[in-house]
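Reading through the structure tokens given below for one structure.
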Amino acid sequence: MTELEKLRKAKIPCPETGITVRHTLCDICTPDNHCGVDAYVLDGRVIKVEGTKEHPHNHGLLCTKGAANREYIYREDRLRTPMRRVGRRGEGKFVPITWDEAYDEIVRRLDAVRREEGADAVAFFSGYTKWYRTLLKRFAYSFGSVNYGTESSVCFDATFMAWAATTGSFAVPDLDRAATYIGWGYGPHYSGHLSVGGMQAFKERGGRLLIVDPKITPAVKMADLHLQLKPGTDGALALGIAKVILDNGWADMDYVEKHTAGFEEYRAEVQKFDLKTVEEITGVAPKLVAAAAELIATGGPACMHQSASPITQHRNGFQNYRAILALLALTGNYDCPGGNIPIHFTYNYQAAGFATREREYTTATRPAGDRTRIGADRFPVWNLFQDEFQAMDLSRQILEGTPYPVKALFACGMNLLMFPDTDQLRRALEKLDFFVDIDLFETPCTRYADIVLPACTSFERGEYRVYPSGHSFYTKPVIDPLYESRSDADIITDLARRLTPEDTLLCQGYEAAIDYILQDLSISVAGLKDSEFPVMTPEARPPRVGLTRTQGCPTPSGKFEFSSTLLARCGVNPVPNYPENLRRPEGGRKFILATGVRLPNALHSRLHKVPWLRSLRPEPMADISLADAARLELERGDTVRLTTDGGSLCVKVNPTSTVLPGTVHLFHGYEKANVNALLPADWLDPCTGFPAYKSIGCDMEKCPAPDGEKG
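With the working numbering, the residue at position 125 of the sequence shown is 179, and numbering never jumps.
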């Protein structure tokens with residue numbers, strides 16, 4: 055082997071090998087991360103990825119998902135060209151067409167629906183990722199439709215709603231000044247790896263950690279105390295902790311009296327949750343509940359991280375989350391050093407300490423008048439707080455046509471397997487007059503589209519990002535778009551020029567949109583492009599602590615609301631509560647099924663066909679307790695049938711010591727083991743519309759191995 059061959063085999067970047075290193079970001083998972091990536095490029099192909107050490111957010115660290123970017127980019131099922139359906143919907147039979155042919159048909163068909171049925175009969179939907187949503191939302195509004203929606207109908211937005219109803223703004227933990235940290239549903243090793251180092255440093259300086267989680271996760275190994283509760287019973291546990299705090303005189307009554315509203319109503323609700331009742335509901339021993347209450351109330355400044363999904367994806371998820379938030383006010387740990395500090399979002403779901411004109415850009419062309427979005431009547435609380443439709447009502451409205459028909463759907467990255475009662479959405483997609491889907495890959499959803507358009511990854515385009523540190527980053531493509539793919543933003547802009555030419559700002563494209571959004575700042579797209587790495591935004595400032603204590607909260611009362619004024623106006627119980635009818639989450643069945651519990655190698659369905667990551671868990675498997683496995687005489691790899699009120703499926707089991715007896719945990723997004731299909735379409739939180747993915751009554755029995763392919 056020659057020296058040059060050795061260098062190339064080692065993938066050493068230098069003039070001799072022709073390998074260059076270019077900088078971009080990973081957009082596989084949540085905008086909270088979007089880690090910096092070094093792409094090693096040879097002959098126009100990415101041959102290796104590493105974390106960018108100079109990146110101020112991830113400092114060179116990548117999770118398993120980020121490290122798999124090369125296989126992700128070059129998946130065999132990447133869409134290569136625009137396509138037109140020629141078979142029945144769902145058959146997956148398409149013929150290639152040109153971009154102009156695709157655009158012509160999309161424009162003709164969407165404009166026809168707009169003229170014949172009205173613009174609201176066209177719905178616009180975004181799945182993952184989120185980087186182009188600013189343009190898509192404006193496009194929907196400029197088109198004339200109020201019906202813009204996203205996958206946030208099942209993720210994160212219920213979290214925001216709970217904060218908004220209670221305090222008026224989102225708040226983040228001040229870990230650097232805290233003595234106690236409460237991680238409620240906190241699993242950073244699998245879903246937020248960049249916070250693991252901070253947690254380790256917190257522990258090393260003597261901080262105390264409380265983890266509340268139905269599973270034993272890597273975070274539990276760092277914990278001083280772990281409350282392993284039954285899935286979905288978080289609200290009862292939080293109310294029980296509050297009762298212990300009140301009974302022992304540990305509440306910060308000075309803060310409560312000066313800065314909160316509705317305390318007496320909250321106190322009356324709390325009295326229902328004595329330690330015995332809490333144990334019966336949650337399965338957590340009284341001594342552990344009492345220990346947690348003492349740690350939260352007396353352990354010095356305490357801050358809290360509440361996960362966006364495990365807490366809210368229950369039929370009482372919204373109120374569960376509010377019950378947890380109430381503990382911050384009860385102990386005086388809201389808006390203080392070492393507590394949770396209010397913040398404001400800067401751009402694309404991220405707070406970076408400076409203001410932009412993102413909201414102005416997205417809402418400037420919103421249709422006038424009192425127009426009813428999809429799901430507005432069914433979920434009035436959602437409609438009050440969210441400027442988008444609730445996608446969990448999309449299928450019903452397409453099928454029933456009330457309160458008005460929805461005839462066409464324009465989607466980016468729509469995930470059929472995300473929806474409960476998946477067959478209902480299939481029927482809805484079959485009924486549509488016209489359906490466009492933009493995606494990176496061939497998916498169960500693209501098979502139902504009339505026109506499919508190929509998008510490109512973050513390695514093949516540029517985008518603007520902000521980070522909590524105050525940095526701004528505008529990436530540049532590190533390789534050319536694969537095949538005939540185009541960026542989502544370019545597709546939206548191209549169609550806007552034909553369908554909404556009067557919106558001249560939108561028609562100028564993505565970079566013009568970002569410059570508009572940044573116009574009050576000293577940064578611009580051109581300036582950001584001059585840097586290979588994120589740059590500090592001069593206007594960025596850290597959150598100001600204590601403002602709500604002097605200026606009040608942005609709520610109707612001006613205070614932290616134990617009893618929410620806005621919820622009362624919606625006819626909803628304004629006080630955090632845990633209803634009697636949910637005290638047995640499993641209902642009349644023997645197990646509680648939780649879907650979508652995080653795995654280190656998966657995110658929704660988008661990584662199931664990445665060979666390296668799939669090799670870490672080749673088949674869909676249901677995690678069950680060792681005790682249940684022994685009782686049912688099950689071993690690893692045996693097949694069971696899971697049955698709910700929504701249906702049944704067969705899947706292999708993985709007995710483990712990490713889950714509670716009586717619970718079953720199964721990740722989602724597998725086409726041949728689509729666990730979300732087991733949820734009835736109405737298995738939702740009535741306040742937010744969120745599916746109760748994490749607490750479904752379930753039976754389990756051993757059965758013969760299923761026929762067919764892996765999921």
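No residue lacks a Cβ here, since even glycine has one placed at the ideal position from N, Cα and C.
Computed from a predicted structure; not experimentally measured.
Residue i versus residue j - alpha carbon distance
i, j, result
"S669", "R124", "15 Å"
"A482", "G743", "18 Å"
"T500", "R480", "11 Å"
"I270", "L279", "12 Å"
"A377", "S206", "22 Å"
"Q24", "N374", "Nothing can be reported for residue 24: it is not among the residues displayed for the chain, which extend from 55 to 765."
"F178", "R192", "10 Å"
"N387", "P522", "21 Å"
"L688", "V705", "12 Å"
"D504", "D493", "13 Å"
"I66", "Y632", "59 Å"
"Y244", "L653", "6 Å"
"Y518", "G353", "40 Å"
"G765", "W737", "Residue confidence is low: G765 scores 42 on pLDDT, short of 50, so the model does not pin down where it sits. No coordinate-derived value is stated."
"P364", "A273", "15 Å"
"E763", "K726", "Its pLDDT being 37, under 50, E763 is placed unreliably in this model, and the coordinates cannot settle the point."
"K312", "S611", "12 Å"
"P535", "E565", "18 Å"
"G701", "K748", "16 Å"
"R695", "G239", "28 Å"
"D308", "M358", "21 Å"
Close beta carbons around residue i, own chain, < 6 Å, minus the five adjacent residues each side
i, result
"D753", "R643, K644 and T697"
"V729", "T649, L720 and H722"
"Y186", "D542 and A543"
"I428", "N201, F443, D447, L448 and Q451"
"L115", "G105"
"T71", "L61 and R62"
"T221", "C607 and F614"
Residues of its chain near residue i, where Cβ-Cβ distance is below 7 Å and the 5 sequence neighbours each way are ignored
i, result
"H662", "A656, R668, G723 and Y724"
"L381", "A292, I295, A296 and I350"
"D165", "L553"
"L283", "V266, P268, L291, T336, G337 and V338"
"A681", "P715"
Residue i: first and last residue of the uninterrupted beta strand (DSSP E) it sits in
i, result
"S449", "From DSSP, S449 is part of no beta strand (DSSP E) but of the alpha helix (DSSP H) over L448 to E454."
"R139", "M137 to R139"
"G203", "Y202 to T204"
"H525", "H525 to Y528"
"M307", "It is not in any beta strand (DSSP E) - M307 instead sits in the alpha helix (DSSP H) that spans M307 to H313."
"G237", "T234 to W238"
Residue-level contact to chain B via CB, residue i, 8 Å cutoff
i, result
"I546", "Here chain B cannot be found, since the structure has a single protein chain."
Exposure label - residue i; buried when at least 16 CB within 10 Å
i, result
"Y528", "buried"
"P555", "exposed"
"M590", "exposed"
"I127", "buried"
"S585", "exposed"
"M836", "This structure cannot settle anything about residue 836, because the visible part of the chain is limited to 55 through 765."
"K613", "buried"
"N302", "exposed"
"Q573", "exposed"
"D431", "exposed"
"H658", "buried"
"Y592", "Reading the sequence as shown, one finds Pro at residue 592 and not Tyr. By the 10 Å Cβ count, P592 comes out exposed."
"I568", "buried"
"D154", "exposed"
"Q360", "buried"
"P709", "buried"
Start-to-end residues for the alpha helix (DSSP H) that takes in residue i
i, result
"D569", "Y564 to I571"
"M253", "V250 to E258"
"E59", "E57 to K63"
"V37", "Only positions 55 to 765 of the chain appear in the structure, and residue 37 is not among them; the question remains open."
"F473", "It is not in any alpha helix (DSSP H) - F473 carries neither H nor E in the DSSP assignment."
Residues bridged to residue i (per DSSP)
i, result
"K326", "Beta-bridge pairing links K326 to no other residue."
"L732", "L732 pairs with nothing; no bridge assigned."
"K706", "M675 and T693"
"Y94", "V75 and K102"
"H719", "A648 and D677"
"L279", "L264"
"D753", "T697"
"T221", "Beta-bridge pairing links T221 to no other residue."
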